[in-house]
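**Q**
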Amino acid sequence: MTAFSYTEHPSPTALEQIAEILKDPGFGTNFTDHTAVIDWTLQDGWTNPRVEPYGPISLDPAASVLHYAQEVFEGMKAYRHADGSIYTFRPEANAARMNTSARRLALPELDEQLFIESLEQLVAVDKAWVPSGDGEALYLRPFMFASEAFLGVRPAHEVSYRVIASPAGNYFGGELKPVRIWVSRDYVRAAPGGTGAAKTGGNYAGSLVAQQQAADNGCQQVLFLDPLHENAIEELGGMNVFLVTNDGRLLTPELTGTILEGITRSSVIQLAKDRGLKVEERRITLDEWDRGVSDGTITEVFACGTAAVITPIGELVDGDKSIASTGTGEVTQAIRDELLGIQTGTVEDRHGWLHKLG
Ligand code: PLP
Ligand code: COI
855 MTAFSYTEHP SPTALEQIAE ILKDPGFGTN FTDHTAVIDW TLQDGWTNPR
905 VEPYGPISLD PAASVLHYAQ EVFEGMKAYR HADGSIYTFR PEANAARMNT
955 SARRLALPEL DEQLFIESLE QLVAVDKAWV PSGDGEALYL RPFMFASEAF
1005 LGVRPAHEVS YRVIASPAGN YFGGELKPVR IWVSRDYVRA APGGTGAAKT
1055 GGNYAGSLVA QQQAADNGCQ QVLFLDPLHE NAIEELGGMN VFLVTNDGRL
1105 LTPELTGTIL EGITRSSVIQ LAKDRGLKVE ERRITLDEWD RGVSDGTITE
1155 VFACGTAAVI TPIGELVDGD KSIASTGTGE VTQAIRDELL GIQTGTVEDR
1205 HGWLHKLG
């Protein structure tokens, strides 16, 4: 594979304008000046790695992704440290997960080194866009899709891999505060043998009607239930979920093949074990959650993911019933501070999770 070629944006965003955007980055609305791209064909494999100006993609209307949703993506962040250097977090885990997702969607795998290099190359040219405020980062969105113009249903012979980048603050907007979660009783997210453990657009498309119901009921996210086991919880539309007990345990649903294996989830599990908490990955029901909150054995509940970082869950709404939790509990706050501290370079990276991007 040849080195990445670089075509500079003809009119990059002025530094003053970037500074204005970084004052309040929001989530997913502003994009940097460049994108990393690699093409794939069945015949030639991965070719033509490049960084080029960010802009609309020209796609044939018959491109299979538009019809059959053959697509996978990743979500990760670049963090600015106090000395101005830029790091990302566990990128080899994202590379591995993208390949797991790609196998499930019959897309080609991308070499881990090439995946990481695409991030390095993009961030090298757009590093002015990496914010430095509390909980802020440059969100990186690698994605891969079937670009072949063909309406037959089979794995595409032409695929495009791209990375775009977007400065990000709190996913839920404004200051960090506990969120309200809606229990989806009408829709499931995933079933055994399906695509729940893959990070593929279709999972999110299928969650939108439930997300709309959540919003209509004043909630910010949906909690999906296990389709096979009554009242067992799985995960939120875009986050994993944890419960904290009053006797030093941390509970989270086990990975059964229908839940996305979050990299934040596995990092939280490690950090919790490091601080002496007992982690239980097992089936958890809404009844256990409800009972635990009522009798005080469950003291905190939080959601976690790259976009959400660690966000306390303040209330769970299940139809007419509501299960209140505490605000931001001590354990939630401590794990959030430690995780963000590692990511932003203020806490020692004792697990070797950081990867320097520039
Ligand atoms: N679950 C779902 C469905 C997600 O979309 C995400 C977000 O990426 C997560 C969990 C958390 O994964 P991670 O911590 O790797 O961002
Ligand atoms: C992430 O946390 O990176 C996600 O992909 C969740 C959501 C924004 C889809």
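Using this note's numbering, the letters of the sequence shown correspond one by one to residues 855 to 1212. For glycine and all other residues, C-beta sits at the position ideal for the given N, C-alpha and C. These figures come from a predicted structure and were not determined experimentally.
1. Is it true that the CB of Pro-879 sits closer than 7 Å to the CB of Pro-805?
2. Report yes if the C-beta of Thr-1153 is less than 6 Å from at least one heavy atom of the ligand COI; otherwise report no.
3. With a 10 Å radius around its C-beta and 16 neighbouring C-beta atoms as the bar for buried, classify Pro-864 as buried or exposed.
4. Could you check whether the segment 972-989 touches the segment 1016-1036, counting it as contact only if at least three pairs of C-beta atoms, one from each stretch, sit closer than 8 Å?
5. Check whether the segment 1050-1066 touches the segment 902-915, taking contact to mean three or more Cβ pairs, one atom from each stretch, closer than 8 Å.
6. Classify His-888: buried if its beta carbon has 16 or more other beta carbons within 10 angstroms, exposed otherwise.
7. Starting from the C-beta of Trp-900, find all residues in its chain whose C-beta is less than 6 Å away, skip the five residues before and the five after it, and write them out in chain order.
8. Report the rounded CA-to-CA distance for Tyr-1025 versus Thr-861, giving the unit in angstroms.
9. Taking Ala-868 as the reference, give the member of Leu-994, Glu-1184, Thr-886 with the closest Cα.
10. Relative to the C-alpha of Phe-969, which residue among Asn-948, Leu-959, Leu-1193, Ala-960 is closest?
11. If contact is defined by three or more beta carbon pairs under 8 Å, each pair taking one atom from either stretch, is the segment 1199-1210 in contact with the segment 1135-1146?
12. Assuming contact is defined by CB atoms lying nearer than 7 Å, are Phe-999 and Arg-1043 in contact in what I supplied?
13. With three or more beta-carbon pairs closer than 8 Å as the criterion, would you say the segment 1085-1098 touches the segment 1151-1159?
14. Where does Val-984 sit, in a helix, a strand or coil, going by DSSP?
15. Pull the bridge partners of Cys-1073 from the DSSP assignment, please.
16. Counting pairs of beta carbons, one from the segment 936-946 and one from the segment 1055-1074, are three or more of them closer than 8 Å?
17. In chain order, what residues of the same chain lie with their CB nearer than 6 Å to the CB of Leu-1105, ignoring the 5 residues before and after it?
18. State the Cα-Cα distance for the pair Val-1013 and Gly-929, rounded to the nearest angstrom.
**A** Looking at the coordinates:
1. Beyond the ends of the chain as shown, which are 855 and 1212, falls residue 805; an answer cannot be given.
2. no
3. exposed
4. Counting Cβ pairs under 8 Å, three or more are found: they touch.
5. no
6. buried
7. Ile-892, Trp-894
8. 31 Å
9. Selected option, being the one with the closest Cα: Thr-886.
10. Of the candidates Asn-948, Leu-959, Leu-1193, Ala-960, Asn-948 places its Cα closest to the Cα of Phe-969.
11. no
12. no
13. yes
14. coil
15. In DSSP, Cys-1073 forms no bridge with anything.
16. no
17. So the qualifying residues of the chain are Leu-1097, Glu-1134, Ile-1138.
18. 19 Å
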